[in-house]
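All remarks here apply to the structure that follows.
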Amino acid sequence: MTVTTVTLATIRTAIAKRLFDTSNTAISAADITAAINDSIRTWKFKRFWFNTMTSNVSLTTSSAVLTPPTDFLIELPRSGFTIDYGNTKWPLEKIKPLDYSERDNQSNGLPRVYTWVGGVYSVYYLPDQAYTVICRYLEDYADLSADGDSNDFTNNATDLITYDALSKLMGELRQDEKMEHYYSGRAENEHNILKRFTNKYTASGALSVETIL
């Protein structure tokens, strides 16, 4: 699938055209940029084929801390963290912080569970060696600022971000409820199309057990 780079400036221009405000008189370019970034922040928590990542990290012997990749947003459910050891995959089970705290958290061995506690991911048992962990996760994205900035959402979900940003602008700045709902509906249609592509692209292989978030 060929992906075309679509920049912040390109989407901002398309939005201004639909607002009949190409000179950014009624709604500033800064407000449009803010709406675009807000839209990406909303949708990046949904799973699509283009923001689903796989990367390996290593645990530190006797340390409970699991440090995810630098572009990590959130792990996928059920198979977010899997230990790759001895030609076998050992999925880590996510448990509640309270359940984690009730364990002795002193024994070493092959980790079997993890939780998010104290601002970090923690595993148990404490690893008795530097195990490799396969991380399956949604990628995080920094806000767009320069005209030439782009990311996976601007390139692969151009219409979704455009329509969702328009819905926000119509509702919050134009206070036009009718057009807000119109563009919200268009955005949801794009979301459904992207979900179908995502299901097609992830129908087999390592991600086959996952579902759309």
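Using our numbering, read the sequence shown as starting at 11 and increasing by one per residue. Every residue gets a Cβ at the ideal spot worked out from N, C-alpha and C, and that includes glycine. The model shown is predicted, which means the values in this text are computed figures rather than measured ones.
Considering only the beta carbon of each residue, do residue i and residue j sit closer than 8 angstroms?
i      : j      : result
Leu170 : Ala197 : yes
Val67  : Thr164 : no
Asn47  : Asp153 : yes
Ala140 : Thr70  : yes
Ser7   : Ala74  : A query on residue 7 cannot be resolved here, the shown segment of the chain reaching from 11 to 223 and no further.
Pro121 : Leu102 : yes
Thr208 : Phe58  : yes
Asn118 : Ser155 : no
Phe91  : Tyr134 : no
Ala26  : Thr32  : yes
Taking C-alpha atoms, which residue in the options lies nearest to residue i?
i      : options                        : result
Thr142 : Trp100, Glu112, Thr80          : Trp100
Glu190 : His201, Asn202, Tyr173, Lys205 : Tyr173
Arg22  : Arg57, Ile42, Thr35, Val13     : Ile42
Ala45  : Ser177, Asp186, Lys205         : Ser177
Ser49  : Thr212, Leu76, Tyr193          : Tyr193
Tyr95  : Leu183, Thr14, Ile25, Pro137   : Pro137
Leu86  : Ala40, Lys188, Phe55           : Phe55
Thr80  : Gly181, Ser111, Lys104, Cys145 : Cys145
Val13  : Leu204, Asp162, Lys188         : Asp162
Ile203 : Arg88, Ala175, Asn166, Gly181  : Asn166
Trp53  : Pro78, Asp114, Thr77, Ala175   : Ala175
Ser89  : Gln116, Arg206, Phe30, Lys104  : Lys104
Leu29  : Arg206, Asp186, Arg113         : Asp186
Ile93  : Ile84, Leu76, Gly195, Leu83    : Leu76
Looking only at DSSP bridge pairs, what is residue i linked to?
i      : result
Phe82  : Glu149
Ser132 : Val75, Thr125
Pro137 : Gly119
Thr142 : Ser68, Asp94
Lys104 : Tyr124
Just to confirm the assignment, what range does the alpha helix (DSSP H) spanning residue i have?
i      : result
Tyr124 : Taken as a continuous stretch (DSSP letters only), Tyr124 belongs to no alpha helix (DSSP H), being part of the beta strand (DSSP E) at 123-127.
Asp174 : 168-182
Tyr95  : No alpha helix (DSSP H) holds Tyr95; the beta strand (DSSP E) holding it covers 91-95.
Ser49  : 39-53
Thr14  : Neither: Thr14 is in no alpha helix (DSSP H) and is coded neither H nor E.
Can you find a CB in chain B that lies within less than 8 angstroms of the CB of residue i?
i      : result
Leu176 : Structure shown: chain B not included; a single protein chain is present.
Return the first residue and the last residue of the beta strand (DSSP E) that residue i is part of.
i      : result
Pro107 : Here Pro107 belongs to no beta strand (DSSP E); instead the alpha helix (DSSP H) covers 107-111.
Asn199 : No beta strand (DSSP E) contains Asn199, which is instead part of the alpha helix (DSSP H) from 187-211.
Lys99  : 98-101
Asn66  : 62-68
Can we say the segment 53-66 touches the segment 147-163, given the rule of at least three CB pairs closer than 8 angstroms? yes
State whether the segment 27-36 contacts the segment 121-128, with contact taken as three or more CB pairs (one from each stretch) at a distance under 8 angstroms. no
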